[in-house]
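Student: What follows is a single structure, and I will ask about it in a moment.
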Amino acid sequence: MAKVILFDLDGTLLPMDTEAFVKNYLKELAPKVAHLMDPNDFVKALLAGTEAMFTNLEADKSNEKVFEEKFLSLVNVKRDEIWPILDEFYSKTFPTFSYLCEPTDIARKVVEEAIGQGFRVAVATNPVFPKAAIYHRLKWAGIDDLPFELVTVYEESMFTKPHKEYYEYISNHLGVKPEECIMVGNDKQEDMSASLLGMKTFLVEGYVIDRGEPQYNIDDKGSLEDLYEKLSNGESIFKQEIYKQDS
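Here our numbering is used: the first residue of the sequence shown is 44, the next is one more, and so on.
Given below as structure tokens:
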């Protein structure tokens, strides 16, 4: 019986073209450090640090620590020289990127309906961004004030999608078995890989990302509107004895 719904953010609760968003993000960020280092070298180090987070399986290191170690090993600047610039970027410039997204009221309705049905809810976004950047996106989606029990951010999280360890980390943190969770997302590899642990999966259509291989089990799919209707009516993978938070 499902107790928890894990929601992806980008392309799921916050409709967006992720590739276009990242391209703009890098274009705006790189010039901010030009007085310290070549912007092209900065982007290479940033991407290498990100890749390190994607491949790391050391349970004793947060994603932030993994990124920091790799990034700083590739640049000739000190942490206290560049981190304040990055922090200021996320607090002042990053919020202006909201125009690259297509927020919809149905996202909030979906989460509120899930809560109303008795599900516990969490945001299972790939934790390769700082908390500030992720919470800005929650605000754009109009859901930053909802009672999520967990939002995966890189300062506090270990592992990344599509590793099963990421989903194990979430289920352990929430004190539930993987098979008691439903993963809702738009990425056929990163999100649907949750099925490897026995989590049910719902693919949100509209901004689907599919790299071809590997392919994972998809229990159901549809638009956010379809998801709302199925939640409301207790259909598909949501048709079961619903866990009540006060039970």
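Using N, Cα and C, we set each Cβ at its ideal position, and we do this for glycine too.
Check the C-beta distance from residue 49 over to residue 153 and give it rounded, since I have them as a contact under 8 Å.
Tutor: No, residue 49 and residue 153 are not in contact; Cβ-Cβ is about 13 Å, not under 8 Å.
Student: Confirm, please, whether the CB-CB distance from residue 95 to residue 117 is below 8 Å.
Tutor: no
Student: From the DSSP output, in three-state form, read off residue 165 for me.
Tutor: strand
Student: Taking buried to mean at least 16 other C-beta atoms within 10 Å of its own C-beta, is residue 294 buried or exposed?
Tutor: Nothing can be reported for residue 294, as the shown portion of the chain is limited to 44 through 290.
Student: Let me confirm a value: residue 121 is counted as buried when at least 16 other C-beta atoms fall within 10 Å, else exposed. Which label applies?
Tutor: exposed
Student: Starting from the C-beta of residue 344, find all residues in its chain whose C-beta is less than 6 Å away, skip the five residues before and the five after it, and write them out in chain order.
Tutor: With the chain represented from 44 up to 290, any question about residue 344 goes unanswered, as that position is not in the structure.
Student: Could you check how far apart the C-beta atoms of residue 229 and residue 51 are, in whole angstroms? I think they sit under 8 Å.
Tutor: 6 Å
Student: Mind checking residue 290: buried by the 16 CB within 10 Å criterion, or exposed?
Tutor: Residue placement at residue 290 is flagged as unreliable, the pLDDT there being 41, under the threshold of 50; a coordinate-derived value is accordingly withheld.
Student: Between residue 279 and residue 80, what straight-line distance do the alpha-carbon atoms span, to the nearest angstrom?
Tutor: Whole-angstrom Cα-Cα distance: 53 Å.
Student: Check whether the Cβ atoms of residue 110 and residue 93 sit closer than 8 Å, and answer yes or no.
Tutor: In this structure, residue 93 lies closer than 8 Å to residue 110 by Cβ.
Student: Using CA coordinates, which residue listed in 186, 47 and 191 is at the minimum distance from residue 149?
Tutor: 186
Student: Is the distance from the Cβ of residue 207 to the Cβ of residue 169 below 8 Å?
Tutor: no
Student: Using the beta-carbon count (16 or more within 10 Å), is residue 183 buried or exposed?
Tutor: buried
Student: Could you tell me whether the stretch 136-143 touches the stretch 99-106, where touching means 3 or more Cβ pairs closer than 8 Å?
Tutor: no
Student: Just checking my contact of residue 260 with residue 235 at CB under 8 Å: how many whole Å lie between their CB atoms?
Tutor: 7 Å
Student: Could you tell me whether the stretch 171-183 touches the stretch 131-141, where touching means 3 or more Cβ pairs closer than 8 Å?
Tutor: yes
Student: List, from N- to C-terminal side, the alpha helix (DSSP H) runs of 4 residues or more that fit wholly inside the stretch 179-219.
Tutor: 207-217
Student: Does DSSP classify residue 245 as helix, strand or coil?
Tutor: strand
Student: Go ahead and pull the three-state DSSP assignment for residue 48.
Tutor: strand
Student: Sort 178, 100, 238 and 124 by Cα distance to residue 137 and report the nearest one.
Tutor: 178
Student: Buried or exposed for residue 74, going by 16 or more other Cβ atoms inside 10 Å?
Tutor: exposed
Student: Tell me whether residue 253 is buried or exposed, calling it buried when 16 or more other Cβ atoms sit within 10 Å of its Cβ.
Tutor: exposed
Student: Figure out for me which residue from 220, 224 and 251 has the closest Cα to the Cα of residue 244.
Tutor: Cα-wise, what sits closest to residue 244 is 224.
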